Each structure stands twice: as C-alpha cells, then as structure tokens.
Amino acid sequence: MLRRIGHGDLAEVFVAVRSDGEHGGATPSGEPLAVKRVWREMSRYAEIHRLLAEEGRLAVQLAHPNVVDTYELGSVGGRPYIAMEYVPGADLAHLVERCGPGTLPPGCVTRIGIDACAALSYVHAAPMADGRVLRVVHGDLTPTNIVVSTSGSAKLIDFSVATWLELPAEDAPPSSATDASPSPAPTELRQMSDSGQHASVRGSYAYMSPEQARGQAIDGRTDVFALGVVLWELFSGRRLFRRAANYLTLAAVVEEDAPTLRELGVDLGAATKALDRVLQRALAKDRDDRYDNASALAKDLQDVAARGGWDLRPWTLQTTVRGLLSEQRGGKAKDGDKAAGGDKAAGGDKAAGGDKAAGGDKAARPNTRS
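Residues in the sequence shown are numbered consecutively from 29, following this note's numbering.
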C-alpha cells in the first residue's frame with residue numbers, strides 16, 4: 029500500500045503496487061492499483077463479504093476501455109478487498125466542484141457522454157470469451173461513478189448495485205456488440221432484495237429512472253435515463269430532481285418533467301434546440317419513449333456536437349481535466365489522487381449510505397463503496 033486516497037463507512041481505498049516478489053492474482057506487477065479494502069471492524073459481517081464478492085464477481089468479467097478494470101478480489105487477514113485499475117483523474121462531481129456548475133465546455137461534456145454511452149452499450153450486452161453474454165444494468169449512474177482520466181477519456185466505475193443476468197451462448201447476440209452498432213435492448217431484470225423478494229428501490233435517488241423509483245423491472249433504458257440526468261445537469265448547471273427530502277426527490281423523478289435548456293435560458297448556439305430534443309428523449313418518463321439503447325444516444329450526441337462545432341477530441345478533454353486538477357497542487361489533494369475506486373477521493377462523499385452528488389441516501393442495500 030502506498031497511500032490512502034479515500035474512505036467511507038464500509039471500506040477504505042489505497043493506491044498500491046504489486047511487487048515482483050508477490051504471487052497469485054491477476055493484478056499487473058509494478059503498476060499502481062486502486063485497492064478497496066473493508067474496514068477491520070466491518071469485516072466480521074458475513075453480509076459485507078458476500079456483497080463485495082458479488083460486486084467483484086461481476087466486475088472482473090467486464091473488459092472495455094470505458095469501464096474501469098477489476099483485476100481480482102480476495103481477502104488478507106480476514107479483510108476482503110477488490111483490486112482495480114488506478115485511473116489518475118477525477119470523477120464528474122469533483123470536476124464540477126472545481127470549475128463550477130455549467131462551466132465545463134460543451135464539447136467536453138459531450139465527449140464524456142459519448143464515452144459513457146460506449147461503456148453502457150458494452151455492459152448492457154457484454155460478450156464473454158466462452159460465448160456467454162452478460163446483460164448488466166448499472167443502476168447507479170451518477171457523477172461520482174463516472175471517472176474522467178487525465179488522458180482524456182471517461183470510465184464507468186462501481187457495480188455495487190448493478191443488476192445482471194448471465195445468458196448461455198445460444199442466447200447471445202449473433203455478433204459481438206460494438207460501439208458503432210447499437211446493442212440489442214437488454215432483457216428486463218427484476219430488482220431483488222437479499223431475501224429474494226421484489227425490492228423497492230436501489231441506487232441514488234436523484235439519478236433514478238421512474239421505473240427504478242417505483243421498484244419495477246429495469247433494463248438498459250434505466251441507465252440511459254440516468255445518463256440523461258447527468259448530461260442535463262452538466263449542460264444546465266442545475267440539479268434536476270434533487271429536493272430537500274428523499275421522498276420529494278423520488279416524487280420529482282416520477283412526476284416532474286425536465287425543463288428544456290431554452291426554457292432555462294441556456295444558450296449553446298446552433299446546437300441548443302437539437303440538444304434539447306436529445307435530452308428530452310433520454311429523460312422520457314415512459315421508457316418506451318426513450319432511446320432503445322446507449323448507442324443511439326451516442327449517435328445523436330455526435331450529431332449535436334457537429335451542429336454546434338464542438339471539439340470532441342480526447343486531447344481537449346485531457347487538457348481541461350489536467351488544468352482543473354493542477355490547480356490543486358499544494359492543497360489537500362495531489363494531482364491524480366482522484367482515482368477509480370475511491371468515493372471521497374473521487375470528490376463525492378458517499379459515506380454513511382449518502383450520496384453527496386445525488387443529494388440523498390442510497391437505497392435498498394448497504395453501500396459497499398469506499
């Protein structure tokens with residue numbers, strides 16, 4: 029362990045390096061890792077071990093440039109851990125905190141959105157080497173769960189509340205899903221509580237879809253809605269559904285429509301009207317009116333950027349992120365300490381079951397994130 033970069037109620041996160049003398053596991057030797065380790069006092073609870081193992085078992089099967097790699101899960105001294113890719117950079121919540129709401133360049137916001145769509149397109153129908161396919165609904169797509177690296181790409185993290193289903197090879201799509209071609213609509217998955225009963229809600233209230241808030245079956249369009257909320261907030265500089273109390277937030281998610289950017293007086297030039305159409309479709313209350321999949325949303329975001337003449341190059345996002353983080357040098361945080369695997373380290377305090385970025389408590393299961 030080199031240094032601690034984050035902590036929460038259940039776990040702490042370190043930057044670590046596996047030395048050449050260490051054996052076992054899939055973690056790369058000599059490269060920095062983010063290691064999430066359960067607090068000693070929490071490690072006595074069997075349920076904590078089960079939840080972390082469940083998260084790790086899913087995450088280690090995922091491999092995509094826009095999804096943070098998970099290398100291994102294990103236990104040392106009775107304390108379970110997950111070893112993940114260390115991503116120098118910051119999560120979206122932290123970036124907004126650094127630059128101010130609504131001030132990220134529209135091209136950077138769109139680039140982040142397109143990268144997030146690529147991650148979702150993959151996890152919604154993730155092909156495995158043995159021919160199986162994983163249908164995964166992330167279920168908690170928030171600004172703190174999208175990490176933007178100093179190399180200019182966005183990566184999805186944290187599958188602790190994900191809902192997933194393994195399909196045998198014969199049920200897999202005829203060809204591997206790619207970022208360029210829309211993935212098939214994922215199978216609807218029931219949110220199940222630990223007792224096997226239908227759970228009410230799981231995730232961060234302010235970024236839930238209406239069906240998620242009602243405890244209904246979910247599919248990939250649930251994540252499309254959540255990404256729509258994230259993008260709406262980044263472009264507008266406002267919070268969409270967050271209210272003073274959790275029940276009011278849930279009511280807003282279910283009942284209140286999102287204002288258009290033009291109604292709020294947000295002017296992004298020639299692209300404003302087209303962007304409004306994209307956001308309104310992603311945020312449709314009825315999921316049948318939303319984008320069928322994340323790939324379709326990504327295509328329309330690219331068209332909006334072309335209309336607005338926005339710069340989508342990773343280099344531009346890289347320069348923006350590095351500039352924002354370099355302002356912290358000499359302060360409490362070191363540049364690059366906002367890395368995957370850490371919640372407080374990533375700018376969003378999700379300790380005690382709460383989500384600073386979401387403005388409300390997590391629901392329906394313990395928060396195993398750091």
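Each residue gets a CB set at the ideal place from its N, CA and C atoms; glycine is no exception.
A quick note: this is a predicted structure, and the numbers were derived from the prediction, not measured.
*Within 10 angstroms of its Cβ, does R31 collect 16 or more other Cβ (buried), or is it exposed?*
exposed
*Taking one C-beta from the segment 133-147 and one from the segment 68-80 each time, how about it: are there three or more such pairs within less than 8 Å?*
no
_Tell me which residues share the same chain as C136 and place their Cβ nearer than 7 Å to its Cβ, disregarding the 5 neighbours each side in the sequence._
T344, L345, T348
*DSSP three-state assignment for V161, whether helix, strand or coil*: strand
*DSSP on L61, reduced to helix/strand/coil?*
strand
*Would you grab the beta carbon distance between T170 and S232 for me? Rounded to a whole angstrom, and I think it's under 8 Å.*
5 Å
_Residue(s) in a DSSP beta bridge with D399_ = Residue 399 lies beyond the residue range present for the chain, which begins at 29 and ends at 398; the question has no answer from this structure.
_Strand pairing of G102, partner residues [DSSP]_ = Y109
_Beta-carbon contacts of V88 that lie in its chain and below 6 Å, excluding the five residues immediately before and after_ = T98
_Let me confirm a value: R318 is counted as buried when at least 16 other C-beta atoms fall within 10 Å, else exposed. Which label applies?_
buried
*Same chain, Cβ closer than 7 Å to A241, neighbours up to 5 away in sequence not counted*: V229, L278, V281, V282
_Is it the case that the segment 178-191 contacts the segment 256-266, given that we only count it when at least three CB pairs across the two stretches are under 8 Å?_
no
_Cβ-Cβ distance between L352 and L162 below 7 Å_ = no
_Limits of the unbroken beta strand (DSSP E) element including G34_ = 31-35
_Tell me which residues share the same chain as P129 and place their Cβ nearer than 6 Å to its Cβ, disregarding the 5 neighbours each side in the sequence._
G265
*State the DSSP-derived secondary structure class of H77, mapped to helix, strand or coil.*
helix
*Does DSSP put S181 in a helix, a strand or coil?*
coil
*Minimum C-alpha distance to P108 - residue among V63, G117, E125*: V63
*With distances taken Cα to Cα, identify the nearest neighbour of V95 among L259, V306, A302, F187.*
F187
*Span separating the alpha-carbon of P342 from that of R249*: 26 Å
*Endpoints, the beta strand (DSSP E) within which W192 is located*: 191-195
*Name the residue from D251, L296, R290 whose alpha carbon lies nearest to the alpha carbon of G141.*
D251
*From this set, R350, S71, R309, which residue's C-alpha is nearest V104's C-alpha?*
S71
*Between the CA atoms of V189 and R393 - distance to the nearest angstrom*: Low per-residue confidence applies at R393: pLDDT is 42, beneath 50, and the placement is therefore not dependable enough to give any value.
_Suppose you measure from the CA of G293 to the CA of R126; what does that come to, to the nearest Å?_
23 Å
*By Cβ distance, which residues of its chain are closer than 8 Å to L86, with the 5 residues on each side in sequence left out?*
L162, V164, F187, A190, W192
_Between the CA atoms of I110 and D285 - distance to the nearest angstrom_ = 39 Å
*Could you tell me the distance, in whole angstroms, from the CA atom of L80 to the CA atom of L296?*
43 Å
_Supposed close pair V258, F269 - CB separation, criterion 8 Å_ = In fact, because the Cβ distance is near 11 Å, the residues do not count as touching under 8 Å.
_So, with DSSP's three-state summary, where would you put P210?_
Only weak support is given to the placement of P210: the predicted model assigns it a pLDDT of 44, under 50, and the question is left unresolved by the model.
*What residue from T288, E83, R305, E113 has the CA that sits closest to L329's CA?*
R305
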